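> Here's a structure for you.
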């Protein structure tokens, strides 16, 4: 297996972008990444685009070749990959595989979603398609509902408190307040979270991410070719991609996502590192409780200790395990197909030492992307050379 | 690069399947393929599912892990790939890449689409998302419209006659009449095609494929591992995957699909064969005119000679270049996400010598899958060992 480096990154602002279509968003992020990498179009050998549900939201399928063509790429294989909210973690993974296996030297990966131009009922219905249409979703479950159940169970099983969960939102909104690309750039207080509108008991409005438009991209390059383009490549030392049950009723434990555990195991093993070696992590906080579950499933703390960890500040920017310095999905926004690569974008900036909320001397970073209620997950571990 | 073999195949009946959901369809095809390969679940290391537009048609996303979980697979990476009507050609391609690169020994690939449970307007709108929503499709173009324009241009530019194009439907409906898995199993006459309802001048009803439900699957295995499972592996000797413009207005020549030309070039080069070496081909006849364009773009005949070739019987079952012995999309049906793997299914059966419409002594076969009006194409070349 050849070494794989990230040599360029790009990310649009996340939020409501009137008059900017999904192809435009993706092209903008890709162009920024290619410029950052100083890679000309003709050197790109393959393109992967992560997108969840553009067919239902903006009537646009066939998105990968469409974006590539507008970007000026020609003839190369272009593939859209879909894994609900983990779509662009999967896109990045495929770039890693193609380069690591020696099939390509340079691969462009991106993720995009355009959500704010649709009616809110259309968005809710489209997002619900990440669950099982034939069972739970048919009966009216949506993702806020599913994570409300997961949150209740986490509180019951592990003694997690309402305040601990709310602290995730407070922490991430604080970090996001200094991120110029974040959808929400205003801190919130614990009282504001606890007093926000009830969505699905015990989940409240500020436990949820906003509905956003956005795109992100990364250029992957064989490590032995990277120096031709940059003197600060970031190495991909671990990649994991795994499945789990796609429904609540099939989960053995409602507070653990098997896909995350499996993907993390693969990534840690490949990287030869353990959770204690990670200096900074972007994890999939699609709801506040999801960050707590991820903190545990990724091995940063024991199962059941995630709530205490966030309230005690262990996962704060200045803590020993800084999590979501970008503001996470809760503050940055969650254009679902873009999220996985926006996490990579942040981790690369952290490891380059150029992040807005820089973790001091960060050398190894982790990005964790989750689809649905754990049907799929990717985990990537990156390292400063 | 390691040798790659197909060691198992499966395919559902194509057509209207009341009460059978998309997950059921995909599981059925996968189970048949795994049984055919005698591969137990725990040996499968990755799963790729081609599907175009299940989010819009049956409100089901996250389809790859959902299908894999129901099939009894656990933990492995599962990915849905989308490239409009070429989705499962792309799925098969990814199985080939993972095995060829040595990353996996055994990969399951499948394609599925459930179309008949939706209103016809929903289906038309969903299919139109394979075009550019921001330009042509917004103005009311649909795929029958696009291929009507392409047909008109082919007739104008190359002197192709209405009868020549109709002959594609007559030929394929004859072949499909003996395929027990085909949607249409009744031959039609030239007069019936020419007298059928006008859809988009000059395109008529019998120039179009039916709207179908269906799924198909193939198990890929490293050639050096294949003999553990079967004594009749079929080798994948060439794989091509390329993009082209996704709109009519960006095409340099309305009668040529650049994606097909590029993908075919890659596949022929990798296989070390030329069009004249192909004994049997399944090509993407999403409309009758598309088969004629493909016959030319794949190099079986010169550009402009495709119409004459079919009318003269050159591409008939008993001709020198038998094309679509399965009945093709026009007769077998076109559950879009399943089509690419259904082509592989037929070619493997031809090379095993067990096809319904067997081409005598077929040794090398080709499968050609096309997305939209040429945004993407895959070409695979298979060989009897």
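Protein chains in written order, with this note's numbering: chain A, 54 to 438; chain B, 54 to 438.
Think of the CB as a built atom: it goes at the ideal place given N, C-alpha and C, for glycine as much as any other residue.
Note that this is a predicted model, so its numbers are computed, not measured.
Under a three-way DSSP split, which group does residue 154 of chain B fall into?
For the purposes of this step, residue 154 of chain B is taken as the residue at position 101 of the second chain. Residue 154 of chain B: coil per DSSP, three-state reduction.
> Spatial neighbours of residue 320 of chain B within its chain, please: C-beta separation below 7 Å, excluding the five flanking residues on both sides.
Residue numbering aside, residue 320 of chain B sits at position 267 when the second chain is read from its first letter. These residues qualify, in order along the chain: 291, 292, 293, 432, 433 and 434.
> Please name the residues in the segment 169-194 of chain B whose beta-carbon is closer than 8 Å to at least one beta-carbon of chain A, in chain order.
So the list reads 178, 179, 181, 182, 183, 184, 185, 186, 187 and 190, given in the order they occur along the chain.
> Could you check if residue 430 of chain B is buried or exposed, using at least 16 other CB atoms within 10 Å of its CB as the buried criterion?
By 1-based counting over the second chain, the position of residue 430 of chain B is 377. Result: buried.
> For a test of the three-state rule: what should DSSP assign to residue 162 of chain A, helix, strand or coil?
Residue 162 of chain A sits at position 109 when you count from the first residue of the first chain. Three-state result, residue 162 of chain A: strand.
> Taking C-beta to C-beta, are residue 68 of chain B and residue 236 of chain B nearer than 8 Å?
For the purposes of this step, residue 68 of chain B is taken as residue 15 along the second chain, with counting starting at 1. For the purposes of this step, residue 236 of chain B is taken as residue 183 along the second chain, with counting starting at 1. Cβ atoms of residue 68 of chain B and residue 236 of chain B: closer than 8 Å.
> Report back the beta-carbon spacing between residue 132 of chain B and residue 143 of chain A to the nearest angstrom; my notes put them in contact at under 8 Å.
Position 79 of the second chain, counting from 1, holds the residue named residue 132 of chain B. Position 90 of the first chain, counting from 1, holds the residue named residue 143 of chain A. Correct: roughly 6 Å between the Cβ atoms.
> Is there at least one Cβ from chain A nearer than 8 Å to residue 162 of chain B's Cβ?
For this step, residue 162 of chain B is matched to residue 109 along the second chain. For residue 162 of chain B, the answer is no, since every Cβ of chain A falls outside 8 Å of its Cβ.
> Taking residue 76 of chain B and residue 120 of chain B to be in contact with their CB atoms under 8 Å, please state how far apart those CB atoms are, rounded to whole angstroms.
Counting from 1 along the second chain, the entry for residue 76 of chain B is found at position 23. Counting from 1 along the second chain, the entry for residue 120 of chain B is found at position 67. Confirmed, about 6 Å.
> Which same chain residues end up closer than 8 Å to residue 116 of chain A when comparing Cβ atoms and leaving out the 5 residues on each side of it in sequence?
As a working mapping, residue 116 of chain A is identified with position 63 in the first chain. Excluding residues within five positions, the ones whose Cβ falls inside 8 Å are 75, 76, 79, 102, 104, 107, 133 and 165.
> Give me the Cβ distance between residue 232 of chain A and residue 409 of chain A, rounded to the nearest whole Å; I'm assuming they're in contact under 8 Å.
In the first chain, the residue the question calls residue 232 of chain A occupies position 179. In the first chain, the residue the question calls residue 409 of chain A occupies position 356. Indeed they touch by this definition, with Cβ atoms about 5 Å apart.
> Which residue's Cα is closest to the Cα of residue 215 of chain A: A/255, A/93 and A/159?
Locating residue 215 of chain A in the first chain gives position 162, where the first residue counts as 1. Residue A/255 is the option with its Cα nearest to residue 215 of chain A.
> On a Cα-Cα basis, can you pick out the residue from A/223, A/394 and A/301 that is closest to residue 190 of chain A?
Counting from one through the first chain, the residue named residue 190 of chain A turns up at place 137. Checking every option, the nearest Cα to that of residue 190 of chain A belongs to A/301.
> If we define contact as Cβ-Cβ less than 8 Å, is residue 296 of chain A a contact residue for chain B?
Start at 1 with the first residue of the first chain, and residue 296 of chain A comes out as number 243. So, interface residue.
> Do you know whose CA, among A/193, A/210 and A/129, lies nearest residue 357 of chain A's CA?
Residue 357 of chain A sits at position 304 when you count from the first residue of the first chain. For residue 357 of chain A, the nearest C-alpha among the options comes from A/210.
> Mapping DSSP to helix, strand and coil, what is residue 55 of chain B?
Locating residue 55 of chain B in the second chain gives position 2, where the first residue counts as 1. Coil at residue 55 of chain B, not helix or strand.
> Can you list the residues of chain A that residue 131 of chain B reaches, using a CB-CB cut of under 7 Å?
Counted from its first residue, the second chain places residue 131 of chain B at position 78. In chain order: 296 and 429.
> Could you check whether the Cβ of residue 342 of chain A sits closer than 8 Å to any Cβ belonging to chain B?
For this step, residue 342 of chain A is matched to residue 289 along the first chain. Taking Cβ atoms only, chain B never reaches closer than 8 Å to residue 342 of chain A, which makes this a no.
> Can the beta-carbon of residue 13 of chain A be found less than 8 Å from the beta-carbon of residue 203 of chain A?
There is no way to answer for residue 13 of chain A, as the model of chain A reaches only from 54 to 438.
> Which bits of chain B does residue 105 of chain A rub up against, with CB to CB less than 7 Å?
Within the first chain, numbered from 1, the residue matching residue 105 of chain A stands at position 52. Chain B residues near residue 105 of chain A: 114.
> If contacts are defined as beta-carbon pairs under 8 Å, then residue 63 of chain B and residue 270 of chain B qualify, I think. What distance do you get, rounded to the angstrom?
To locate residue 63 of chain B, count along the second chain from 1; it is residue 10. To locate residue 270 of chain B, count along the second chain from 1; it is residue 217. With 8 Å as the limit, residue 63 of chain B and residue 270 of chain B qualify as a contact, their Cβ atoms being about 5 Å apart.
> What is the DSSP secondary structure of residue 289 of chain B, reduced to helix, strand or coil?
Counting from 1 along the second chain, the entry for residue 289 of chain B is found at position 236. Correct three-state label for residue 289 of chain B: strand.
> Go through the segment 176-239 of chain B residue by residue and report every complete run of the alpha helix (DSSP H) that reaches 4 residues or more, in order.
Qualifying alpha helix (DSSP H) stretches, in chain order: 196-211 and 215-229.
> With a threshold of 8 Å on Cβ separation, who are the neighbours of residue 171 of chain B within its own chain once the five nearest residues in sequence on each side are excluded?
Within the second chain, the letter at position 118 stands for residue 171 of chain B. Hits under 8 Å: 110, 111 and 179.
> Find out if the Cβ-Cβ distance for the pair residue 334 of chain B, residue 387 of chain B is shorter than 8 Å.
Mapped onto the second chain, residue 334 of chain B falls at position 281. Mapped onto the second chain, residue 387 of chain B falls at position 334. Not a contact, by the Cβ cut-off of 8 Å.
> Which stretch, first to last residue, makes up the beta strand (DSSP E) that contains residue 437 of chain A?
In the first chain, counting from the first residue as 1, residue 437 of chain A sits at position 384. Here the beta strand (DSSP E) through residue 437 of chain A covers 429-437.
> With the cut-off set at 8 Å, would you say residue 192 of chain A and residue 184 of chain A are in Cβ contact?
Along the first chain, read from residue 1 onward, the residue named residue 192 of chain A stands at position 139. Along the first chain, read from residue 1 onward, the residue named residue 184 of chain A stands at position 131. Cβ distance not < 8 Å, so residue 192 of chain A and residue 184 of chain A don't count as in contact.
> Kindly list the residues whose CB is nearer than 7 Å to the CB of residue 96 of chain A, restricted to its own chain and excluding five residues on each side of it in sequence; keep chain order.
For this step, residue 96 of chain A is matched to residue 43 along the first chain. These residues qualify, in order along the chain: 159.
> Using 8 Å for Cβ pairs, my map puts residue 276 of chain B next to residue 288 of chain B. What's the rounded Cβ distance?
Reading the second chain from its first residue, position 223 is the one you call residue 276 of chain B. Reading the second chain from its first residue, position 235 is the one you call residue 288 of chain B. Indeed, because the Cβ distance is near 6 Å, the residues count as touching under 8 Å.
> Anything in the segment 117-142 of chain A with a Cβ closer than 8 Å to a Cβ of chain B? List those residues in chain order, please.
Within the segment 117-142 of chain A, the qualifying residues are 117, 118, 119, 121, 122, 126, 127, 128, 129, 130, 131, 132, 133, 134, 135, 136 and 137.
> Are the beta-carbon atoms belonging to residue 439 of chain A and residue 65 of chain A less than 8 Å from one another?
An answer regarding residue 439 of chain A cannot be provided, because it is not within the stretch 54 to 438 covered by chain A.
> Can you tell me whether residue 71 of chain A is buried or exposed? The criterion is at least 16 other CB atoms within 10 Å of its CB, across all chains shown.
Against the first chain, residue 71 of chain A aligns to sequence position 18. Its Cβ having fewer than 16 others within 10 Å, residue 71 of chain A is exposed.
> Considering only residues of the segment 242-307 of chain B, which uninterrupted beta strand (DSSP E) runs meet the minimum length of 3 residues and lie entirely inside it, listed in chain order?
Within the segment 242-307 of chain B, the complete beta strand (DSSP E) runs of at least 3 residues are 251-253, 267-275 and 287-296.
> Between residue 331 of chain B and chain A, is the shortest Cβ-Cβ distance under 8 Å, so that the two count as touching?
Position 278 of the second chain holds residue 331 of chain B. Residue 331 of chain B does not count as touching chain A.
> Within the chosen definition, does the segment 393-406 of chain B reach the segment 308-325 of chain B through at least 3 CB pairs nearer than 8 Å?
The segment 393-406 of chain B vs the segment 308-325 of chain B: no contact.
> Could you give the distance in angstroms between the alpha-carbon of residue 114 of chain B and the alpha-carbon of residue 303 of chain A?
Position 61 of the second chain, counted from the first residue, corresponds to residue 114 of chain B. Position 250 of the first chain, counted from the first residue, corresponds to residue 303 of chain A. Straight-line Cα distance between these residues: approximately 17 Å.
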